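Worksheet for the structure shown next.
Number of protein chains: 2
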Amino acid sequence: MVSPQAAELGGDAGREPKEPTRIQRARREEILAAALEVFSKHGFRGASINRIAEMAGMSTPRLLYHFKDKEALYRSLLKSTLLLWRSPLQELSASGEPVEEICAYVRRKLSMSQRFPKQSRLFAGEILMGVPNAREEVFEPLRDTFEDKIALITSWSRKGHITVQDPHHLIYSIWATTQHYADFEAQIAELSPAKMATLYQDAEAFLIPMYRRMLTPSRT
Amino acid sequence: MVSPQAAELGGDAGREPKEPTRIQRARREEILAAALEVFSKHGFRGASINRIAEMAGMSTPRLLYHFKDKEALYRSLLKSTLLLWRSPLQELSASGEPVEEICAYVRRKLSMSQRFPKQSRLFAGEILMGVPNAREEVFEPLRDTFEDKIALITSWSRKGHITVQDPHHLIYSIWATTQHYADFEAQIAELSPAKMATLYQDAEAFLIPMYRRMLTPSRT
DNA sequence: CGAATATTTTAGCGACTGATAAAATTTCTT
DNA sequence: AAGAAATTTTATCAGTCGCTAAAATATTCG
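First to last, the protein sequences are chains A and B. Following my numbering, the numbering of the first sequence begins with 1 at its first residue and continues without gaps. Following my numbering, the numbering of the second sequence begins with 1001 at its first residue and continues without gaps.
Have a look at this one:
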């Protein structure tokens, strides 16, 4: 038999998930790498599993043996990307100095855009299209962390350690300004090609003082 | 004959463009409205002209009579969207008070996200995918305005009217923070649904003081 | 009106899409 | 080595894709 096993591999609703074989792990990694390439460039609907399979150096049925269908592959990729994407926020700690903690978070987030631009675009594309795939599954892991850190920033604000108009919009602005460099890279390259060499360096030199000045309570 | 005329309609490289008929104007508007809907939701590759035709209430060949092919339709939509998108920046005037001029620009840009979220997403999607369609055609109208305003901000900075680390990154940060509310609306709705009612109001209350504080020269 | 032109409908094309069945092969286990 | 299980290949499917030719209809204009 072939179909039942394939079903086990792709989905996660299977009765007995069965630990993956050495070959399965290797093939799935190859496929996911190719899938990141293609999905991040064309979006879910614009990408084809044929192309992904070709990029991974295998036939389409072979790909579909390891992932039950296109959506399962996409979801798997999206899920792991979200965990990567969440990690810088998770490190935001209550123990440090508030202004510097947030500045350090901005640096980590900016570094993620620089190191993982494709993952940034994959995620941005999914949100841009209105999250048609696995709405809950995608945001459920992020929601708790998000609310947790909102509460942390609120408590800092209440104690007067930082000046913040609205923690939600603070985080959104950090996401926006940092991810912009990965998501809109094509535009930046088109409008200011000369600045590409030191882009992330300059971005940090711009953003950190901006947030430091904004967050530091004025000593009156 | 049908094909030659159709070719004239869709493209703009035709020898004699011929002014559009009353019917042509009406149909093209209907088609463009439907195209905005579908392209902004699925991107160029993910959208199908069949769906656009269906949404516009017409058959696919009828649509293709008014636009020579899928790409011509997309380009036409993208082109008009860019003009709309450029307008708030064009209004940035050398005659006003620098800090307030930039704050007014932020308000205009934010208002664009609120009033034209689909156009924002259409444009964001194109850039996200690396601008595979009509790279020059899309950015050519924007480049001049962009460089013009960069020069204006630089001159303000030189005169000491505003504090700005880097005009390029200032504009990018404005684009990022304002467009974020349209482009990532699905994420915001998922993470802080309670804040949706007053989203753009709160965004303005957050962003304007942020840029005002950042740009206002410290009086030492 | 009637001729010329513009528009729409009908029918259908080859290419590609995601996916499956089943045979052939490789790998693992004993 | 032999049998069982996992993996891969081959062949193929129905559905949708963008697009076109040509006939039929509607509109414009002398």
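The beta-carbon is built from N, C-alpha and C at its ideal position, and this holds for glycine as well. On a predicted model such as this, the values are computed, not experimentally measured, just so you know.
Using a 10 angstroms sphere on the CB of glutamate 1091 of chain B, the tally of other CB atoms stays under 16, which defines it as exposed. Only Gln1165, Asp1166, His1168, His1169, Leu1170, Tyr1172, Ser1173, Trp1175, Ala1176, Thr1177, Gln1179, His1180 from the region 1151-1180 of chain B bring a Cβ to less than 8 Å from some Cβ of chain A.
Positions of the alpha helix (DSSP H) runs, each at least 4 residues long and wholly inside the region 1110-1190 of chain B, are given as 1117-1128, 1135-1158, 1167-1183 in order along the chain. Closer than 8 Å at the C-beta level to chain A, one finds these residues of the region 1016-1041 of chain B: Lys1041. Judged by beta-carbon spacing, arginine 1121 of chain B lies beyond the 9 Å limit of phenylalanine 1067 of chain B, meaning their Cβ atoms are not closer than that value. Threonine 1216 of chain B and arginine 108 of chain A have their C-alpha atoms spaced approximately 28 Å apart.
For glutamine 187 of chain A, the neighbours in chain B by C-beta distance under 7 Å run, in chain order, Ile1127. Below the 8 Å Cβ cutoff, chain A contributes no neighbours of leucine 1110 of chain B, its closest Cβ being approximately 12 Å away.
For proline 141 of chain A, the closest alpha carbon among the candidates A/Arg86, A/Glu101, A/Ser93 is that of A/Arg86. With a minimum length of 3 residues, there is no unbroken run of beta strand (DSSP E) contained wholly in the region 14-39 of chain A.
Interface annotation, phenylalanine 116 of chain A: not in contact with chain B, CB-CB separation never under 9 Å. When the five nearest sequence neighbours on each side are left out, the beta carbons in the same chain lying within less than 8 Å of the beta carbon of asparagine 133 of chain A are those of Phe44, Glu71, Tyr74, Arg75, Leu78, Glu126, in order along the chain. The beta carbon of arginine 75 of chain A sits no closer than 9 Å to any beta carbon of chain B.
Residue-level contact check: valine 1099 of chain B does not touch chain A, since none of the beta carbons of chain A fall below 9 Å from its beta carbon. The shortest C-alpha to C-alpha distance from serine 80 of chain A to any of A/Arg212, A/Leu36, A/Ala47, A/Glu147 is the one to A/Leu36. When C-alpha distances from isoleucine 1208 of chain B are compared across B/Leu1191, B/Ala1026, B/Ile1174, B/Ile1052, the shortest belongs to B/Ile1174.
For the set B/Arg1025, B/Phe1184, B/Asp1202, the Cα lying nearest the Cα of tyrosine 1065 of chain B is the one of B/Arg1025.
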